[in-house]
Amino acid sequence: MESLAARVRSARTPRARQKDGWRAAVFLAPALLLLILFVYAPALLALGLGFFHYHLLGIGTTWAGLTNFRSALRYSLFWTALRNTLLYALIMVPVTLIGALLLAQLLCGPGKYVGFLRTLILLPYITPVIATAIGWLWIFNPQYGLLNSLMSWLGLPVHQWMQSPTWALPAVAMYTLWHGLGFDMIIALAALASLPKSVSEAAQIDGAGPATIFFRVTLPLLTPTLFFLLVITTIGSLQAFSQIYALSGGQGGPEYATTTLIFLIYQTAFQYYHFSYAAAMAVLLVLLILGLTLFQNWLSKRWVFYQ
Amino acid sequence: MSALPAVRRRGSRWLQLVLATLVALIFLVPLYIALVTSLDTRADVFSFPTHLLLDFDFSPYARVWGMARWPMYFLNTAFITGTTIVLALATSVLAAYALSFLRFGFRERLFVLILLVLMIPAEALLIPNYVVLHLLGLLNTYWAQILPYGVSVFGIFLLRQFFLSLPSSYWDAARIDGCGHLRFLWSVALPLAAPTLFTIALYIFIGSWNSFQWPLIVTTSHHVQPIEVAVARLTQAHSVDWRRLSAAGLMATLPLILVYALVQKQIIRGISRGEGLQG
């Protein structure tokens, strides 16, 4: 069947085409105006702002050259934040990938009951972060919290969690996994459901055991989905803000242990009002995101299997 | 063929269900803990190991309700979310229609330029968007929280895909009846696109209702702030009273849980199809 759009296009006379030009401009104007104001222009501004000394009041915007970038690179907190950011991503990515696969294996299959359980696991994903982090702060409470109750019941060492420079970042990761793992599970489930049956059945007839089928057949077929999860989890980790704000009481502590780059940028720009300095750091963060994405793309050629 | 074959054998199906139930319950624990804490009698809150049984002392809710202007914050959030949905749907529908049905010179290139927006990391726009709102004199208003989300590029993409799939006989029939583009869009294309519109609206709703970072940055006046910012302020001011804090947190979570109970099927379907990634 000929598509409607193709038909509409071919039915036009030159005069009508002219008319369409105006109509198109009117139809597109609101969207384009908003995109110019809040995406295109700011994107250009983002690149430029770091090269100036800029003040909100507009007085004395002067050329700064590379000064902002140089002082960012000399700022020890910048490197702490970079380390925290990478460490956080390093915790989140493998745990998310493995967790999503395990959950999907466990919660696959037909039936209303399993479907209901899937709904429960996705539930945290739609809850507001600040509101649900409160329950977790109580869970992390060193004296009365559930987590330490559980740890001591199991005979494991208790920790100070959000008050410990070592355990604060893993605690933030724990919250984020609770909040987002259901989403990754649904994506893994969709991938599992779309796998061709014939391949694993053939392997089974050839005498392959369940473990062999999983590692040699299912897993390779899932690599495109794993790659997708890898990319969105990395980007999500680099963006993590609300949960850090909520769990650290808006401080990024203790001892800067949860100050990631995006948190440092927020503090620099909106608590201390060093806009161009923060803008320079934002450019460095974007370069980091770009670099990681390109690296993952390059690496994916070695392990992602496209049918 | 998806799960480990061992797990799928009939006997192990029960084991799978028991394990899955346990895991699902673990995901509910943090919400349950908040509920227990918010309803605890004072004596039970500070006990170790953690108190796990429900009491029914509703006084923290009454007290937290009196501590801030919650109806105002709820209304602010509802207004910001509602306006964002209407605005973003309107701009995206019009743009998608032009990009699928209308003929003009640089259409395909313009579509690519619009899709490029999806590649720009949100972090890059944080500071310049603030500067733009400052220059427009819109800081500390509702509009500062609405306009930057006033067009959904992913929505344009989905709607354009849908419009291009409509059979041409619809347009022919509409043409013969003397239908113009606007009439056709309003009375034929939009009703057919209702499921797509609903999906887009759903993700804008979740994103907007739960947004925190942006309102935190662009607002200082309580009168225009959404509920998440108000709850965060409470966290910092009263970090000691866990019962009230938990009550406030649950109050802010409840509307989302209600909406989820109604539309969880659509949300799961949207994520499965990869539609749920952009707000």
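Just so you know, the protein sequences line up as chains A and B, in that order. So in the working numbering, spot 61 of the first sequence is number 63, and the numbers just go up one at a time. So in the working numbering, spot 94 of the second sequence is number 111, and the numbers just go up one at a time. Cβ coordinates follow ideal geometry from the N, Cα and C atoms, glycine included.
Can you tell me which residues form a DSSP beta bridge with residue i?
{"i": "W65 of chain A", "result": "A:F54"}
When we look at the beta-carbon of residue i and count the other beta-carbons within 10 Å, is it buried (16 or more) or exposed?
{"i": "G254 of chain A", "result": "buried"}
{"i": "L279 of chain B", "result": "exposed"}
{"i": "Y56 of chain A", "result": "buried"}
{"i": "F307 of chain A", "result": "exposed"}
{"i": "T63 of chain A", "result": "exposed"}
{"i": "P16 of chain A", "result": "Because the pLDDT of P16 of chain A is 46, which lies under 50, any placement of that residue in the model is unreliable, and the number read from its coordinates should be weighed accordingly. Counting Cβ neighbours within 10 Å, P16 of chain A comes out exposed, since fewer than 16 surround it."}
{"i": "L273 of chain B", "result": "buried"}
{"i": "S19 of chain B", "result": "Note that S19 of chain B scores a pLDDT of 49, beneath 50, so its modelled location is shaky; the value from the coordinates is reported in the next line. Classification of S19 of chain B: buried, given that the 10 Å Cβ count is 16 or more."}
{"i": "I136 of chain A", "result": "buried"}
{"i": "S200 of chain A", "result": "exposed"}
{"i": "T236 of chain B", "result": "buried"}
{"i": "V120 of chain A", "result": "The question names Val, yet the displayed sequence has Arg at residue 120 of chain A. R120 of chain A is buried by the Cβ-count criterion."}
{"i": "S202 of chain A", "result": "buried"}
{"i": "S169 of chain B", "result": "buried"}
{"i": "F176 of chain A", "result": "First, the amino acid is wrong: residue 176 of chain A is Met here, not Phe. By the neighbour-count rule (16 or more Cβ atoms within 10 Å), M176 of chain A is buried."}
{"i": "A37 of chain B", "result": "buried"}
{"i": "W24 of chain A", "result": "exposed"}
{"i": "Y275 of chain A", "result": "exposed"}
{"i": "F297 of chain A", "result": "exposed"}
{"i": "M164 of chain A", "result": "buried"}
{"i": "T129 of chain A", "result": "buried"}
Name the chain A residues that come within less than 7 angstroms of residue i, Cβ to Cβ?
{"i": "I288 of chain B", "result": "F185, I188 and I189"}
{"i": "Y277 of chain B", "result": "L125 and I128"}
{"i": "G266 of chain B", "result": "A133, T134, I136 and G137"}
{"i": "I93 of chain B", "result": "It is worth fixing the name first, because residue 93 of chain B is Asn in this sequence and not Ile. None at all; the shortest Cβ gap to chain A is about 14 angstroms."}
{"i": "W87 of chain B", "result": "None at all; the shortest Cβ gap to chain A is about 12 angstroms."}
{"i": "N227 of chain B", "result": "P130 and V131"}
{"i": "Q253 of chain B", "result": "G251 and G252"}
{"i": "V134 of chain B", "result": "L37 and V41"}
{"i": "H198 of chain B", "result": "R25"}
List the residues of chain B that residue i touches, going by C-beta distances under 7 angstroms, in chain order.
{"i": "F40 of chain A", "result": "N146, V149, L164 and P165"}
{"i": "F243 of chain A", "result": "Q230"}
{"i": "R218 of chain A", "result": "Within 7 angstroms Cβ-Cβ: nothing; R218 of chain A doesn't reach chain B, min ~13 angstroms."}
{"i": "F272 of chain A", "result": "I234"}
{"i": "P256 of chain A", "result": "The contacting residues do not exist; P256 of chain A stays about 14 angstroms from chain B at best."}
Taking only heavy atoms of the ligand ATP into account, decide whether any of them is closer than 7 angstroms to the Cβ of residue i.
{"i": "V170 of chain B", "result": "Although the ligand ATP was asked about, the structure shown includes no ligands whatsoever."}
Starting from residue i, find everything on chain A with Cβ-Cβ shorter than 8 angstroms and list it in chain order.
{"i": "A249 of chain B", "result": "I132, Y247, A248 and G252"}
{"i": "P47 of chain B", "result": "P126, T134, G137, W138, I141 and W180"}
{"i": "I285 of chain B", "result": "R120, T121, L124 and I188"}
{"i": "Q8 of chain B", "result": "No answer is possible for residue 8 of chain B: the residues shown for chain B start at 18 and end at 296."}
Is there a Cβ from chain E that is less than 8 angstroms from the Cβ of residue i?
{"i": "G154 of chain B", "result": "No chain E is present in this structure, whose protein chains are A and B."}
So with CB distances below 9 angstroms, who are the chain B contacts of residue i?
{"i": "L156 of chain A", "result": "Here the premise fails: no neighbours, minimum Cβ distance about 12 angstroms."}
{"i": "G293 of chain A", "result": "Residues of chain B passing the Cβ test: none, with the nearest at roughly 12 angstroms."}
{"i": "R85 of chain A", "result": "Simply none; closest approach about 18 angstroms."}
{"i": "Y275 of chain A", "result": "The contacting residues do not exist; Y275 of chain A stays about 11 angstroms from chain B at best."}
{"i": "P32 of chain A", "result": "L104, A107, T108, L111, A112, G167 and V168"}
Residue i touches chain B at which residues, Cβ-Cβ below 8 angstroms?
{"i": "F29 of chain A", "result": "L111, A112, Y114, A115 and L119"}
Could you list which residues in chain A have their beta carbon closer than 9 angstroms to that of residue i, in chain order?
{"i": "S263 of chain B", "result": "I136, G137 and W140"}
Item to check | Inter-stretch contact at 8 angstroms, needing at least 3 Cβ pairs: the segment 93 to 112 of chain A / the segment 186 to 202 of chain A | outcome: yes
Item to check | Runs of alpha helix (DSSP H) wholly within the segment 237 to 285 of chain B (minimum 4 residues, chain order) | outcome: 244 to 254
Checklist entry - Is it true that the segment 137 to 155 of chain B meets the segment 279 to 296 of chain A, where meeting means three or more beta-carbon pairs spaced less than 8 angstroms apart? => result yes
Checklist entry - Residue ranges of each alpha helix (DSSP H) run of no fewer than 4 residues wholly in the segment 40 to 82 of chain B, ordered along the chain? => result 59 to 62
Checklist entry - Using 8 angstroms as the threshold, is the segment 157 to 169 of chain B in touch with the segment 32 to 40 of chain A, meaning 3 or more CB pairs across them? => result yes
Checklist entry - Along the chain, which unbroken stretches of the alpha helix (DSSP H) at least 4 residues long are found entirely within the segment 71 to 133 of chain A? => result 78 to 108 and 114 to 124
Next on the checklist: Under 8 angstroms: do the segment 238 to 257 of chain B and the segment 110 to 127 of chain A share three or more Cβ pairs, one atom per stretch?
Outcome noted: no
Next on the checklist: Three or more C-beta pairs under 8 angstroms: does that hold for the segment 287 to 299 of chain A against the segment 235 to 248 of chain A?
Outcome noted: yes
Item to check | Entirely enclosed alpha helix (DSSP H) segments - the segment 262 to 290 of chain A, minimum 4 residues | outcome: 263 to 272
Next on the checklist: Please give the ranges of any alpha helix (DSSP H) in the segment 80 to 131 of chain B, keeping only runs that are unbroken, at least 4 residues long and fully inside the region.
Outcome noted: 87 to 118
Checklist entry - Given 8 angstroms as the limit, is there contact between the segment 108 to 123 of chain B and the segment 173 to 188 of chain B, that is, 3 or more CB pairs closer than that? => result yes
Checklist entry - Mind pulling the alpha helix (DSSP H) runs of 4 or more residues that sit fully within the segment 127 to 212 of chain B? => result 139 to 152, 160 to 163, 170 to 181, 185 to 193 and 198 to 201
Next on the checklist: Quick check on the DSSP output: what are the complete alpha helix (DSSP H) runs of length 4 or more inside the segment 25 to 52 of chain A, in order along the chain?
Outcome noted: 43 to 51
Checklist entry - Which runs of the beta strand (DSSP E) spanning at least 3 residues fall entirely within the segment 201 to 266 of chain A, listed in chain order? => result none
Checklist entry - Is there contact between the segment 78 to 98 of chain A and the segment 298 to 306 of chain A, where contact requires at least three CB pairs shorter than 8 angstroms? => result no
Checklist entry - Can you find at least 3 beta carbon pairs, one from the segment 236 to 247 of chain B and one from the segment 85 to 102 of chain B, that sit closer than 8 angstroms? => result yes
Next on the checklist: Does the structure place the segment 259 to 267 of chain B close enough to the segment 48 to 56 of chain B that three or more beta carbon pairs sit under 8 angstroms?
Outcome noted: yes
Item to check | Stretch pair the segment 67 to 74 of chain A + the segment 151 to 160 of chain A: three plus CB contacts closer than 8 angstroms | outcome: no
Next on the checklist: Quick test of the definition: if touching needs 3 or more C-beta pairs under 8 angstroms, does the segment 125 to 142 of chain A touch the segment 203 to 220 of chain A?
Outcome noted: no
Next on the checklist: Could you check whether the segment 80 to 88 of chain B touches the segment 264 to 271 of chain B, counting it as contact only if at least three pairs of C-beta atoms, one from each stretch, sit closer than 8 angstroms?
Outcome noted: yes
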